[in-house]
Amino acid sequence: MNIFRLAGDMSHLVAILILLLKIWRSRSCAGISGKSQVLFALVFTTRYLDLFTSFISAYNTVMKVVFLALSYATVYLIYMRFRNSYDSENDTFRVEFLLVPVIGLSFLENYSFTPMEILWTFSIFLESVAIMPQLFMITKTGEAESITNHYLFFLGLYRALYIVNWVWRYHTEGFFDQIAVVSGVVQTIFYCDFFYLYVTRVLRGRGKMSLP
Amino acid sequence: ADGEPLHDEL
Numbered sequence: 001m002n003i004f005r006l007a008g009d010m011s012h013l014v015a016i017l018i019l020l021l022k023i024w025r026s027r028s029c030a031g032i033s034g035k036s037q038v039l040f041a042l043v044f045t046t047r048y049l050d051l052f053t054s055f056i057s058a059y060n061t062v063m064k065v066v067f068l069a070l071s072y073a074t075v076y077l078i079y080m081r082f083r084n085s086y087d088s089e090n091d092t093f094r095v096e097f098l099l100v101p102v103i104g105l106s107f108l109e110n111y112s113f114t115p116m117e118i119l120w121t122f123s124i125f126l127e128s129v130a131i132m133p134q135l136f137m138i139t140k141t142g143e144a145e146s147i148t149n150h151y152l153f154f155l156g157l158y159r160a161l162y163i164v165n166w167v168w169r170y171h172t173e174g175f176f177d178q179i180a181v182v183s184g185v186v187q188t189i190f191y192c193d194f195f196y197l198y199v200t201r202v203l204r205g206r207g208k209m210s211l212p
Numbered sequence: 213a214d215g216e217p218l219h220d221e222l
């Protein structure tokens with residue numbers, strides 16, 4: 001554990017909490033892609049199956065359980081509790097276009113051809129593209145509430161901090177997880193355009209912003 | 213198990 005990894009995990013947690021609290025307080029999930037949230041729940045589910053097989057640390061276990069619980073709570077709020085406010089007409093990204101290649105790739109490129117490893121690889125690849133329905137939705141509607149932008153900012157920050165963590169771990173302990181690093185870098189690139197707009201528009205007080 | 217990496221990141 002290093003400071004970058006810890007800060008990355010905390011940004012990830014903050015992002016998830018921002019989204020959950022926004023939906024809970026406004027009693028509405030307008031502008032939120034339910035599809036992205038289902039994909040993130042699927043990411044956590046397939047990645048954290050090792051909760052049952054290996055113990056790494058109390059921190060690790062607690063965070064996994066928290067992420068799982070929060071992601072399912074978010075999906076519940078969107079599709080059950082506040083489903084009347086769910087903007088399904090603009091959440092039209094074809095998820096199968098992500099799932100099919102990601103499933104295929106996780107069978108081809110993995111550390112070990114076992115169900116657990118294939119599912120772990122699937123979760124890593126899927127996480128790198130899971131935000132695309134949300135970004136697609138913002139592009140389609142032309143704008144997002146600033147709170148949605150804060151959510152995306154912290155998600156992107158989490159990815160950026162993980163990259164710094166990998167550079168740190170490579171130099172200090174020779175750690176290099178090729179699958180995680182390559183897909184992590186790809187994932188972070190998706191946020192770059194958003195980051196630029198966030199800094200230039202949201203932080204300068206306009207509140208709302210639109211993606212080109 | 214042998215040969216399988218331990219994934220210690222979240």
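Residue numbers (the numbering used here), protein chains in the order written: chain P, 1 to 212; chain Y, 213 to 222.
Every residue, glycine too, gets a C-beta built ideally from N, C-alpha and C.
Since the structure is predicted, the reported quantities are computational estimates derived from the model, not experimental observations.
Item to check | For P/Ala130, the three-state DSSP class (helix, strand or coil) | outcome: By one-based count along the first sequence, residue 130 of chain P stands at place 130. P/Ala130: coil per DSSP, three-state reduction.
Next on the checklist: I'd like to check one pair, P/Val181 with P/Trp166: are the Cβ atoms closer than 8 Å?
Outcome noted: The count along the first sequence starts at 1 and reaches residue 166 of chain P at position 166. The count along the first sequence starts at 1 and reaches residue 181 of chain P at position 181. Yes; because the gap between Cβ atoms is below 8 Å, this pair is in contact.
Next on the checklist: With H, G and I counted as helix, E and B as strand and the rest as coil, what does DSSP make of P/Ala144?
Outcome noted: The sequence position of residue 144 of chain P within the first sequence is 144, counting from 1. DSSP places P/Ala144 within a strand segment (E or B) once states are collapsed to three.
Item to check | the stretch 148-173 of chain P: positions lying closer than 7 Å to chain Y by Cβ | outcome: none
Checklist entry - Would you say P/Trp244 faces chain Y, with C-beta separation under 8 Å as the test? => result With chain P running from 1 to 212 in the structure shown, residue 244 of chain P is simply not present.
Checklist entry - Whose Cβ in chain Y lies nearer than 9 Å to the Cβ of P/Arg5? => result Translated into the one-based positions of the first sequence, residue 5 of chain P becomes position 5. The answer, in chain order, is Glu221, Leu222.
Checklist entry - Using CA coordinates, which residue listed in P/Glu145, P/Ser128, P/Met10 is at the minimum distance from P/Thr188? => result Position 188 of the first sequence, counting from 1, holds the residue named residue 188 of chain P. Closest by alpha carbon: P/Ser128.
Checklist entry - Alpha carbon to alpha carbon, how far is Y/Ala213 from P/Gly142? => result Taking the first residue of the second sequence as 1, we reach residue 213 of chain Y at position 1. Taking the first residue of the first sequence as 1, we reach residue 142 of chain P at position 142. Caution is warranted here: a pLDDT of 44 is assigned to Y/Ala213, below 50, making its placement in the model unreliable, and the coordinate value is therefore given only provisionally. Going by the C-alpha atoms only, they are around 49 Å apart.
Next on the checklist: Please classify P/Pro203 as buried or exposed, where buried requires at least 16 other C-beta atoms within 10 Å of its C-beta.
Outcome noted: Reading the first sequence from its first residue, position 203 is the one you call residue 203 of chain P. Reading the sequence as shown, one finds Leu at residue 203 of chain P and not Pro. P/Leu203 is exposed by the Cβ-count criterion.
Item to check | Rounded straight-line distance, which links the Cα of P/Leu135 to that of P/Asp193 | outcome: On the first sequence, position 193 is the one that residue 193 of chain P refers to. On the first sequence, position 135 is the one that residue 135 of chain P refers to. Spanning the two alpha carbons is a distance of roughly 11 Å.
Next on the checklist: Does chain Y have any CB closer than 8 Å to the CB of P/Ser54?
Outcome noted: In the first sequence, residue 54 of chain P corresponds to position 54, counting from 1. Chain Y contact via Cβ: present.
Next on the checklist: Using a Cβ distance threshold of 8 Å, determine whether the stretch 71-82 of chain P contacts the stretch 25-43 of chain P, with at least three qualifying pairs required.
Outcome noted: yes
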